[in-house]
Amino acid sequence: MLVAIRSLLFNTVFYLSIIIQMLVYTPFFFLLPRKKAWVIPKFWGRSNLWLQKHIAGTDLIIEGLENLPDGAYIVAPKHQSFWDVFAFLSHFEDPVFILKRELMRIPFFGWYLAKMKMIPVDRGSGLKAVNSMLAGAKVAVKDGRQIVIFPEGTRREPGAEPNYKYGIIRLYSELNIPVVPIAHNAGLYWPRHKFWRYPGVIRARILPPIEPGLEKDVFFKRLIEETETACDELLVLASLDDNPPPMPPAAKKRLSELNSAP
Numbered sequence: 044m045l046v047a048i049r050s051l052l053f054n055t056v057f058y059l060s061i062i063i064q065m066l067v068y069t070p071f072f073f074l075l076p077r078k079k080a081w082v083i084p085k086f087w088g089r090s091n092l093w094l095q096k097h098i099a100g101t102d103l104i105i106e107g108l109e110n111l112p113d114g115a116y117i118v119a120p121k122h123q124s125f126w127d128v129f130a131f132l133s134h135f136e137d138p139v140f141i142l143k144r145e146l147m148r149i150p151f152f153g154w155y156l157a158k159m160k161m162i163p164v165d166r167g168s169g170l171k172a173v174n175s176m177l178a179g180a181k182v183a184v185k186d187g188r189q190i191v192i193f194p195e196g197t198r199r200e201p202g203a204e205p206n207y208k209y210g211i212i213r214l215y216s217e218l219n220i221p222v223v224p225i226a227h228n229a230g231l232y233w234p235r236h237k238f239w240r241y242p243g244v245i246r247a248r249i250l251p252p253i254e255p256g257l258e259k260d261v262f263f264k265r266l267i268e269e270t271e272t273a274c275d276e277l278l279v280l281a282s283l284d285d286n287p288p289p290m291p292p293a294a295k296k297r298l299s300e301l302n303s304a305p
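Note that this note's numbering numbers the sequence shown so that position 145 is 188, with each residue one more than the last.
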C-alpha cells in the first residue's frame, strides 16, 4: 500500500513538475544561447532525481564518472525506462540525443528538443533514417557535442536478451570518436510502461570508453559483452539488497541463468 501511495504521489508531482517548469522557464530558455540554455534541462534532470529520492524513496549511485572523456564522444546507455533519458544529463557538457521524430511534434517538449538541436530519426525509413542520423551526428561532432544513442532503440526489460541495432555500428565506424557504454538497473525501480516506482538504490555504471578504430564486428561484440556483463552484475546486486525490488520475468530468468552458470 505504501509503495502505491508513494508511486501515485511521485508520478503526480513528476508530471506536474514538467508542466510547471516548462511554463516558468520557457521565456528564459528560448532567449538564452543554446549551450547556456542547457542549465534548464539539466536542472530538470536533477530535480527529477531529487523527487524520486524524497518521494519514491529511490536513491542513485553512479560509478565511473571519471570515464567520461572531454569533447565529442558517443554515449551508449541501456534503455529501460524514461528514467535513463534524464538521469545523466547533468554529467554531459552539451549532449545531443538521437530520438524518434514523433517526439518533436509534442507541444513545448518538441520545441525544447528543437532548440537543443536534437537529431530526429524516422525509424520506419530504414537506410534513409540511418543516413539522416549520421549527417546530424557529424555536425554535432564538429561542435564537440556528446551523441547519446540507445543502442537497442527501444526500452527493454531488465534481464532481457540484448537486441542491439546497426545504427551504433555506423556511428562508431564513421565518426572516429570513442563510445562510452552505460549500464544500469533502473528498470527494476522505474519499470517501463508501469505505474510503480519502487524504493531502493538504482545503480549505474559508466564503463571505460571503447576507443575508435576497431573493426566493426570487434567493436559490436565488445560493446554488447561489456555492457551486458555490467548489467548482469548490477542486476545481481539489486537482488541481494535487503529490500529488493520486484523482479520482472526476464530478470528472474536471467538471475536463474547466472546462478546456474559454472
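Ideal placement from N, C-alpha and C gives every residue a C-beta, glycine not left out.
Computed from a predicted structure; not experimentally measured.
Cβ neighbours of residue i in the same chain (closer than 6 Å, five flanking residues each side left out)
i      : result
Tyr232 : Thr101, Tyr241, Gly243, Ile245, Pro288
Gly187 : Gly114, Ala115
Ala293 : Glu200, Gly202, Ala203
Boundaries (first-last residue) of the alpha helix (DSSP H) holding residue i
i      : result
Gln123 : Segment: none, Gln123 is in no alpha helix (DSSP H) and carries neither H nor E.
Asp102 : Counting along the chain, Asp102 falls outside any alpha helix (DSSP H), though it belongs to the beta strand (DSSP E) covering 101-106.
Ile98  : Run containing Ile98: none; DSSP gives neither H nor E here.
Met176 : 170-185
Where the beta strand (DSSP E) containing residue i begins and where it ends
i      : result
Glu145 : Where Glu145 is concerned, there is no enclosing beta strand (DSSP E), given that its DSSP letter is neither H nor E.
Ala247 : 243-249
Pro163 : 162-164
Between the CA atoms of residue j and residue i - distance to the nearest angstrom
i      : j      : result
Val43  : Met65  : Any answer about residue 43 is impossible in this case: the structure gives the chain only from 44 up to 305.
Val139 : Ile83  : 15 Å
Ala203 : Pro150 : 33 Å
Ala99  : Asn286 : 14 Å
Glu254 : Pro221 : 5 Å
Trp154 : Glu300 : 45 Å
Leu214 : Pro112 : 17 Å
Arg49  : Ser124 : 18 Å
Lys78  : Pro70  : 16 Å
Leu298 : Tyr68  : 44 Å
Val184 : Ala47  : 44 Å
Glu258 : Asn174 : 20 Å
Leu142 : Lys158 : 14 Å
Cβ neighbours of residue i in the same chain (closer than 8 Å, five flanking residues each side left out)
i      : result
Leu108 : His134, Ile249
Leu94  : Phe53, Val56, Phe57, Ser60
Cβ-based neighbour list, residue i, same chain, cut-off 7 Å, excluding 5 preceding and 5 following
i      : result
Lys208 : Pro194, Glu195, Gly196
Glu269 : Pro224, Leu250
Trp126 : Ala229, Trp233
Coarse secondary structure for residue i, derived from DSSP in three states
i      : result
Pro288 : coil
Pro70  : helix
Pro138 : strand
Ile312 : In this structure the chain extends from 44 to 305, so residue 312 is not present and cannot be described.
Ile117 : strand
Phe129 : helix
Ile149 : coil
Trp87  : helix
Closer than 8 Å to chain D by CB, residue i
i      : result
His134 : Within the model displayed, chain D is absent; a lone protein chain is all it includes.
Start-end ranges of the beta strand (DSSP E) lying completely within the stretch 194-280, minimum 3 residues: 222-227, 243-249
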